[in-house]
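Worksheet: the structure to be examined is printed underneath.
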Amino acid sequence: MICVKDVSLTINKHRILEDVSMEAESGEAVGIIGGNGSGKTMLMKCICGFNRMFTGEIEVLGQRIGQDTEFPKSTGFIIEIPGFLPYLSGYENLKLLAGIRREIGREEICDYMELVGLEPEDRKKVRKYSLGMRQRLGLAQALMENPQVLILDEPLNGLDKYMAEKMRAILKEEKDKGKTILLASHNEKDIEYICDRTYEIDNGRIVQ
Numbered sequence: 018m019i020c021v022k023d024v025s026l027t028i029n030k031h032r033i034l035e036d037v038s039m040e041a042e043s044g045e046a047v048g049i050i051g052g053n054g055s056g057k058t059m060l061m062k063c064i065c066g067f068n069r070m071f072t073g074e075i076e077v078l079g080q081r082i083g084q085d086t087e088f089p090k091s092t093g094f095i096i097e098i099p100g101f102l103p104y105l106s107g108y109e110n111l112k113l114l115a116g117i118r119r120e121i122g123r124e125e126i127c128d129y130m131e132l133v134g135l136e137p138e139d140r141k142k143v144r145k146y147s148l149g150m151r152q153r154l155g156l157a158q159a160l161m162e163n164p165q166v167l168i169l170d171e172p173l174n175g176l177d178k179y180m181a182e183k184m185r186a187i188l189k190e191e192k193d194k195g196k197t198i199l200l201a202s203h204n205e206k207d208i209e210y211i212c213d214r215t216y217e218i219d220n221g222r223i224v225q
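Throughout, this note's numbering is defined as the position within the sequence shown, counted from one, plus 17.
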């Protein structure tokens, strides 16, 4: 489902990734661990097609990023802090994003907002959301179109203990449905509960 082969990335003469190879099979949850600046977020950006200056090959669902497709199909993602239009409500943001592919409607949007503990009828603007609320809205956005692949960078960041446990259970349920998940997290509980195996990245290289 995800295949990364000999990927390297240099920005402003600074080596960000070096000969990274990894894979995730169908229905598998794979963790990526590493400290700040290790390269894990940039690797995820390359896999999502947000940065195509890399060398090597990245294939998602049988399509090569930057060659067969600009962005991977049937993929939901959270990269860093989710970005939304601050002057719209959570529901309005998701409705706008759902309008790009036109695969889902109000019912699905509301279902996934409620799943992550957000009220679709709440008119509060996203600029007034806490970090945890933004993270949960980002998770709803990643899940709402029922993608085959989830690429999640610190998806539970900013959540309290109760909400973090609830979101872990949701992601575990998505894996049990057969979704392929690539998860980066500093929290060992996230990795242990959700992932089948892990890669460790340090200074842009896979070390374990």
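Note that beta-carbon positions come from the ideal geometry of N, C-alpha and C, so glycine has one too.
Taking the straight line between their C-alpha atoms, what separation do you get for residue i and residue j?
i: ALA41; j: THR72; result: 20 angstroms
i: MET150; j: LEU156; result: 10 angstroms
i: PRO89; j: ILE82; result: 7 angstroms
i: GLU45; j: GLU35; result: 24 angstroms
i: ASP170; j: PHE94; result: 8 angstroms
i: LYS22; j: GLY195; result: 24 angstroms
i: ARG32; j: SER25; result: 8 angstroms
i: GLY79; j: MET18; result: 7 angstroms
i: GLY122; j: THR215; result: 35 angstroms
i: GLN225; j: CYS20; result: 17 angstroms
i: MET70; j: ASN29; result: 12 angstroms
i: LEU173; j: VAL77; result: 24 angstroms
i: GLU74; j: SER43; result: 19 angstroms
i: LYS202; j: GLN158; result: Correcting the residue identity first, residue 202 is Ser in this sequence and not Lys. Distance between the alpha carbons of SER202 and GLN158 is about 19 angstroms.
i: SER38; j: ASP139; result: 44 angstroms
i: PRO103; j: LYS141; result: 10 angstroms
i: GLN152; j: GLY175; result: 7 angstroms
Using the DSSP secondary-structure output, state which residues sit across from residue i in a beta bridge.
i: ASP264; result: The question about residue 264 has no answer, for the chain in this structure spans 18 to 225.
i: PHE94; result: ILE168
i: SER25; result: THR72
i: ALA46; result: ILE198
i: TYR216; result: ILE49
Which same chain residues, not among the five before or five after residue i, have their C-beta less than 6 angstroms away from its C-beta?
i: GLN165; result: SER91
i: ARG222; result: GLU35
i: GLU162; result: GLU120 and ILE121
Leaving aside the five residues before and after residue i along the sequence, list all residues of the same chain whose C-beta is less than 8 angstroms from its C-beta, in chain order.
i: LEU154; result: PRO99, PHE101, GLY107, ASN110, LEU111, MET130, VAL133, LEU135, VAL143 and TYR146
i: GLU191; result: LEU160, LEU167 and ILE198
i: ILE211; result: ALA46, GLY48, ARG185, LEU188, LYS189, LYS192, ILE198 and LEU200
i: ASP177; result: GLY149
Using 8 angstroms as the limit for Cβ to Cβ distance, is residue i near chain B?
i: ASP36; result: Any reference to chain B falls outside this structure, which holds one protein chain only.
State the start and end residues of the unbroken alpha helix (DSSP H) segment that holds residue i.
i: ASP128; result: 123-132
i: ILE33; result: It is not in any alpha helix (DSSP H) - ILE33 instead sits in the beta strand (DSSP E) that spans 31-41.
i: ILE64; result: 57-65
i: GLY149; result: 148-160
i: ARG185; result: 178-193
In terms of residues, what are the limits of the beta strand (DSSP E) holding residue i?
i: GLY73; result: 72-77
i: TYR104; result: Here TYR104 belongs to no beta strand (DSSP E), and DSSP marks it neither H nor E.
Looking only at its own chain, which residues have a Cβ that is under 7 angstroms from the Cβ of residue i, when we skip the five neighbours before and after it?
i: ARG27; result: Reading off the sequence shown, one finds Thr at residue 27, where the question assumed Arg. Cβ neighbours of THR27 beyond the five flanking positions: ILE33.
i: GLY51; result: LYS57, GLU217, ILE218 and ASP219
i: ILE53; result: The amino acid at residue 53 is misidentified as Ile; the sequence shows Asn. Around ASN53: no qualifying Cβ.
| query | For the 8 angstroms Cβ check, are there 3 or more pairs between the stretch 44-64 and the stretch 111-131? | reply | no
| said: For the pair the stretch 179-193 and the stretch 204-215, tell me if three or more CB-CB distances fall below 8 angstroms. | reply: yes
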